[in-house]
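Notes follow the structure.
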Amino acid sequence: MRLPRRVPWASPSELEQLCSWIYSDETDLHSKQLAVNKLSAWKSITQLSHALESTLGLLTVTLQDGLASQPSSSAVLSGYNLRQCYSTAIIRLVNGLVDPLQSGVYARSIASIAAQLGLPGWLVEVRHAATHEELPSLEVLREAAHESLRWLLHNYFMPELHPSSAEPDNRQPLRSAAPLLKRYSVLMKVVTRDTSLKQKYQHEIESVLRDVERWIAEAKTAVDISSGNLGWEGVEWDGSTVDSAPVVKEKLALEALCENLMEKGALVPLAKKKRTLDARSYHPPRAVVSIWMPLIHHVESLHAGFMVVLVTQLTSQLLNEPVAPVPGTPSARDSSYDSFISAWAVYLLDTQTLSAVEMNQGLMNIIPIVMGGLGPLGLGTLPERKTVKVFLKELCKRDARLAEICSALDGTPQHVREWKENDLEVMNERLDALLAHGRPSAPTPALRFTLETSSAAPDSSPIDPVLPPGWSVPGPNSGWRPSPIGVYVPCKT
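Just so we're aligned, residue 1256 is where the sequence shown starts under my numbering, counting upward by one.
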């Protein structure tokens, strides 16, 4: 949900009128002059968003070009000056779109970000030529300005005027990280089998790790696009939405990477015979750990908290219902896959790279998820829940405070005293003793539980030996008044 933001137009009809001046008739210079005047007036009272700023620049140079071509015009602009003006407007449009989305440790190409935005690739080439090479021809720049205005119509004006309208389909979807992870896996298998080859392949491995980081940056950009935030308001107001806040964007990008890591062939080997776990520690095989932990450590070093995200995603994957291969048919769980997923979560919690705070945070995040998946009292009705119960027991071994959770797994909690017939009689006798104690001239006083070690209030009576230990009767001036259990009512001073 977007936060309130400031816009230069008084009503949507004013923006719609501006849009009609720009796009109704491309040859109508008078309407374009009205649009330039309106944008200039808005610019004088507030800072325009990047979209409107770019529109003003493109319209200004287009208007100058049109006026200069008229025989009766006194405007004098050489062809080279027009080329410079067109180039500047296009450079500012492309850079202003790309720069806010250039995130991550390793820089991404402008072309890749533009492709995600659906910006025509040849506009990026025009921008590059205008910046580093000879200025493009006037004909090319005119066509580029026309294409830029058309792109702004479909990606800014139409979504602003009709927020519920469908977005264009020319945006490039987020590519899968599976090929990168596959290439990394092949290189690491060679290195782990023969350590003498580590130096030889070190450069290639580092290159893949950089590509993975660039993929995370692409995923963060995809979050911006899906939330409708293209950086339009970046210079005008805070403009961030709940879904596109930096922390949330990074978390969603890391979750997307985790989804690729959890596919068979990555953290979980394809061959079931390679999914044998260490029975003593409930960890994945050392060979698999040596392949993937360098990648996990690398991402963790650049994105603090990645391991906690990974453990949470592993747990959620363990509890998710598998997708049926054929719609309408029952889905079958892969028990070896589930066991391997849970073993990875346990191993990550056991590694020394997690601090005590992160360990506790990880456990507090996943324990409710696991218990919710097991159902009431952990009595999962499906046979597949056996893996989840084993996983929960392993987690509880890591924290003494969670040991009691294991008692509910088999439905017979420990340390539960059985009720006897005279238990209610004992409770009623204690209640009668409390209610019977009081002053004859006053109604039955309310009782207040206090710590025996605390000092009694000046206006309260001392602890009566008739009362059970820990109970006292408040005095008439204590300011105490009855209230529902769990509601704090401060005493009057």
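Just so you know, even glycine gets a beta-carbon here, dropped at the ideal spot from N, CA and C. Since the structure is predicted, the reported quantities are computational estimates derived from the model, not experimental observations.
| Asked | Found |
| --- | --- |
| Closest to residue 1317 by CA distance: which of 1400, 1373 and 1271 is it? | 1400 |
| Spatial neighbours of residue 1495 within its chain, please: C-beta separation below 7 Å, excluding the five flanking residues on both sides. | Confidence at residue 1495 is low in this model, with a pLDDT of 39, below 50, so its placement is unreliable and the value that follows should be read with caution. Taken in chain order, the list of residues that qualify is empty. |
| With a 10 Å radius around its C-beta and 16 neighbouring C-beta atoms as the bar for buried, classify residue 1391 as buried or exposed. | buried |
| May I ask which residues mark the beginning and end of the alpha helix (DSSP H) holding residue 1444? | 1433-1448 |
| In its own chain, which residues sit with a C-beta less than 6 Å from the C-beta of residue 1548, not counting the 5 before and 5 after it? | none |
| So residue 1276 packs on residue 1286, CB below 8 Å; how close in whole Å? | 4 Å |
| Can residue 1307 and residue 1290 be called in contact, C-beta distance under 8 Å? | no |
| Measure the Cβ-Cβ separation of residue 1407 and residue 1295 and say whether it is below 8 Å. | no |
| Indicate whether residue 1516 and residue 1436 have their beta-carbon atoms separated by less than 8 Å. | yes |
| Looking at the secondary structure, which residues open and close the alpha helix (DSSP H) in which residue 1599 lies? | 1590-1605 |
| Got a sec? Which residues, its chain only, sit under 8 Å from residue 1376 by beta carbon, not counting five neighbours each side? | 1366, 1369 and 1370 |
| List the whole-angstrom C-beta distance separating residue 1646 from residue 1597, where the pair is believed to meet the contact cut-off of C-beta under 8 Å. | 4 Å |
| So the candidates are 1312, 1322 and 1687; which of them puts its Cα closest to the Cα of residue 1404? | 1312 |
| Along the chain, where does the alpha helix (DSSP H) containing residue 1739 start, and where does it finish? | Careful: residue 1739 lies outside any alpha helix (DSSP H) and carries neither H nor E. |
| Shortest alpha-carbon distance to residue 1642 belongs to which of 1589, 1691, 1682 and 1675? | 1589 |
| Can you round the beta-carbon distance between residue 1469 and residue 1363 to whole angstroms, since I take them to be within the 8 Å contact cut? | 5 Å |
| For the alpha helix (DSSP H) that residue 1689 lies in, which residues bound it at each end? | 1678-1691 |
| Could you pull the start and end residues of the alpha helix (DSSP H) that residue 1293 belongs to? | 1284-1300 |
| Considering only the alpha carbon of each residue, which of 1336, 1741, 1525 and 1730 lies closest to residue 1591? | 1525 |
| Rounded to the nearest angstrom, what separates residue 1537 and residue 1651 at their Cα positions? | 13 Å |
| Going by DSSP, which residues form a beta bridge with residue 1538? | 1533 |
| What is the C-beta distance between residue 1348 and residue 1476, in whole angstroms, given that I count them as a contact (C-beta under 8 Å)? | Contact flag wrong, Cβ pair sits at about 17 Å. |
| Residue 1351: buried (16+ other C-beta within 10 angstroms of its C-beta) or exposed? | buried |
| Let me check understanding here. Comparing Cα to Cα, which of 1373, 1393, 1605 and 1388 lies closest to residue 1340? | 1393 |
| Starting from the C-beta of residue 1346, find all residues in its chain whose C-beta is less than 7 Å away, skip the five residues before and the five after it, and write them out in chain order. | 1382, 1385 and 1386 |
| Return the bridge partner residues of residue 1523 from the DSSP annotation. | 1519 |
| What span of residues does the alpha helix (DSSP H) with residue 1336 cover, start to end? | 1334-1353 |
| For residue 1377, name the three-state secondary structure that DSSP assigns. | helix |
| Quick check on DSSP: helix, strand or coil for residue 1392? | coil |
| Buried or exposed, going by whether 16 or more other CB atoms sit within 10 Å of the CB of residue 1729? | buried |
| Kindly list the residues whose CB is nearer than 6 Å to the CB of residue 1321, restricted to its own chain and excluding five residues on each side of it in sequence; keep chain order. | 1284 |
| By Cβ distance below 8 Å, which residues in the same chain neighbour residue 1280 in space, the five residues on each side in sequence not counted? | 1286 |
| Let me know the secondary structure DSSP gives residue 1264 once reduced to three states. | coil |
| In the DSSP assignment, find the alpha helix (DSSP H) that holds residue 1573 and state where it starts and stops. | 1561-1574 |
| Assign residue 1440 to one of two classes, buried (16 or more other C-beta atoms within 10 Å of its C-beta) or exposed (fewer than that). | buried |
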